[in-house]
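Below you'll find the structure, written out as structure tokens, and then a few comments.
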Amino acid sequence: MNTKRATWAVCAVLASISCAGSALGQAAPPPAKITLDDAIRLALAHNHTLLAARTTIQQNQAAEITANLRPNPTLFTDWEYLPLSPPPGESFSTYLQASTEGDLGLSYLIERGHKRARRLEAAKAATAVSRAQVTDNERGVAFQVGSLFVNAQLAESTLELAETDVKSFQKTVDISEIQYKRGGISENDYLKIKIQLVQFQTDVEQALVNKLQALSDLRQQLGYESVPADYDVVGNFEYRPLAVTIDELQAKALQNRPDLRAAVLGVTAANSQYSLAKANGKQDPTISGNYSHANGISGITWSFSIPLAIFDRNQGNIAQTRIAIRQADEQQKAAGGQVLTDVKDAYEGMQESARVAQLYKSTYLEVAQKSRDISEYAYRRGAVALLDFLDAERSYRATQLAYRQAVAAYLTAVEQLRQAVGTRDLP
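Start counting at 1 in the sequence shown, then tack on 62, and there's your number in this note's numbering.
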């Protein structure tokens, strides 16, 4: 019996060890990969600066509640001529009944000139402006995310290039070592080639740091806690021509730019403030009624009062808000001109970046590749000098890196154009 129990215990221990070993042997889950669309969606949902800006809409909506409130009625009461000591020759209750005065009344301010409606109108106009401004903040966040995403893609592409180069050059070093041992090249040439390897290795380390920093900067815009620490970006990192015209882009921008919409709504808000200022110039009457009991007699009193608009008729605020309408109108015109200018500048920048990227893609990448391949082939057969081979290698690396930077500049220019137009929906 004891032997069977011991056997079962050993089997259980072995099984648990096997399961643990299996679990340890499993590969760690791959990092989360996000596309550019994913990144923008996450930023719009989790960017803390944007979330803070959105609270201004809620604050203005709360102000609408305050603007729509009616004045509170006022309740007042008093009891006068109360004795500090018992009255001589009569009871205390008799004195209170016959010799004191008590009042109980209610008053209410009547607003004229549709003040409450004007206040609500002005508050709603302010909310509309705030909503457009928040949408403009979203436009800015989308551009920042797009630019940082392109930076992360550039860093990743540069890292891949550096890793490929170091592997390729390591083969050259290995072949050179064999040639040196066989007497095909001098020791000095072999050492020159080997020392070049450190530059390739340094490029890998620098590219890795650049990628980690780019991902960290992007994570901050996405909302630090919205993505895991080991996330990565995925998407096309290449030059693709964008067939658009300046006229259609400017027309679309005038329809979509939220800052222009905010400027238009600013004119509406200025007009509502002017209407409110004129309404506030109307004087509001107060009506009141009260019950009084004095010297044993009860009575009712009512009253009506209204300020006389002799001096203060709200002239200053009316004049100020009238001028503010002109200011808002000029700001709207300036915003419209700025929209057209932004689209023009972004379009020209994209065109220039496209021309540079096209030059590399159509000509210089192939030329640099052929030059390096020919130099490497000739060097291994002793047809060219070492310095010529190393120079061709450096030119190839510089051209490949320049092309990636040109692609990044082009993609960033496209993001700039999207921001200028006010929509990500470009042809």
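Every residue, glycine too, gets a C-beta built ideally from N, C-alpha and C. Keep in mind the model is a prediction, meaning the values are calculated, not measured.
Partner residues in the beta bridge of residue 295, as assigned by DSSP, are 96. Taking residue 298 as reference, the option from 122, 111, 473, 118 with the minimal CA-CA separation is 473. The DSSP assignment places complete beta strand (DSSP E) segments of no fewer than 3 residues inside the segment 142–227 at 163–171, in order along the chain. Contact annotation: residue 391 and residue 329 have beta-carbon atoms nearer than 7 Å. In the three-state reduction of the DSSP assignment, residue 136 falls in the strand class.
Straight-line spacing of the CA atoms in residue 388 and residue 375 works out to 22 Å. Beyond the five residues adjoining it in sequence on each side, residue 214 comes within less than 6 Å, by CB distance, of 276, 277, 280, 295 in the same chain, given in chain order.
When C-alpha distances from residue 176 are compared across 400, 476, 344, 479, the shortest belongs to 344. For residue 220, the closest alpha carbon among the candidates 137, 273, 259 is that of 273. DSSP, read as helix, strand or coil, puts residue 231 in helix. A straight-line Cα-Cα distance of about 12 Å links residue 461 and residue 418.
Straight-line spacing of the CA atoms in residue 115 and residue 476 works out to 26 Å. When secondary structure is reduced to three states using DSSP, residue 376 falls in the coil class, being assigned neither helix nor strand. Around the beta carbon of residue 124, fewer than 16 other beta carbons sit within 10 angstroms, so the residue counts as exposed. Distance from the CA of residue 285 to the CA of residue 119, rounded to the nearest whole angstrom, comes to 21 Å. By DSSP's assignment, residue 353 forms a beta bridge with 166, 362.
Boundaries of the alpha helix (DSSP H) harbouring residue 337: 320–342, taken from the DSSP string. If you check the CB distance, residue 334 and residue 184 come in under 7 Å. Secondary structure at residue 367: strand, using DSSP grouped into helix, strand and coil.
Residue 128 sits in a helix when the DSSP states are folded into three classes. Distance from the Cα of residue 228 is smallest, within the candidate group 242, 262, 162, 205, for 262. When the five nearest sequence neighbours on each side are left out, the beta carbons in the same chain lying within less than 6 Å of the beta carbon of residue 404 are those of 482, in order along the chain. Remark: fewer than three beta-carbon pairs, one from each stretch, lie closer than 8 Å, so the segment 151–162 and the segment 186–201 are not flagged as touching. Taken through DSSP and simplified to helix, strand or coil, residue 348 comes out as strand. Secondary structure of residue 480 (DSSP, three-state): helix.
Taking each of 381, 149, 180 in turn and checking the Cα distance to residue 126, the smallest one comes out for 180.
With respect to the 7 Å criterion, residue 320 and residue 139 are not classified as neighbours on the basis of their beta carbons. Taken through DSSP and simplified to helix, strand or coil, residue 411 comes out as helix. Look at residue 246 here: in three-state DSSP terms it is coil, with no helix or strand label. Around residue 336, the same chain offers 380, 383, 384, 386, 387 as residues with beta carbons nearer than 8 Å, after the five sequence neighbours per side are excluded. Rounded to whole angstroms, the Cβ separation of residue 346 and residue 173 is 5 Å, and the two are in contact under 8 Å. Just so you know, the alpha carbons of residue 305 and residue 416 end up roughly 11 Å apart. Taking C-beta separations shorter than 8 Å and ignoring five residues to either side along the sequence, residue 253 has no partners in its chain.
Excluding sequence positions up to five before and after residue 429, its CB lies less than 7 Å from no other CB in the same chain. Residue burial is scored here from C-beta neighbours: residue 257 has fewer than 16 other C-beta atoms within 10 angstroms and is therefore classed as exposed.
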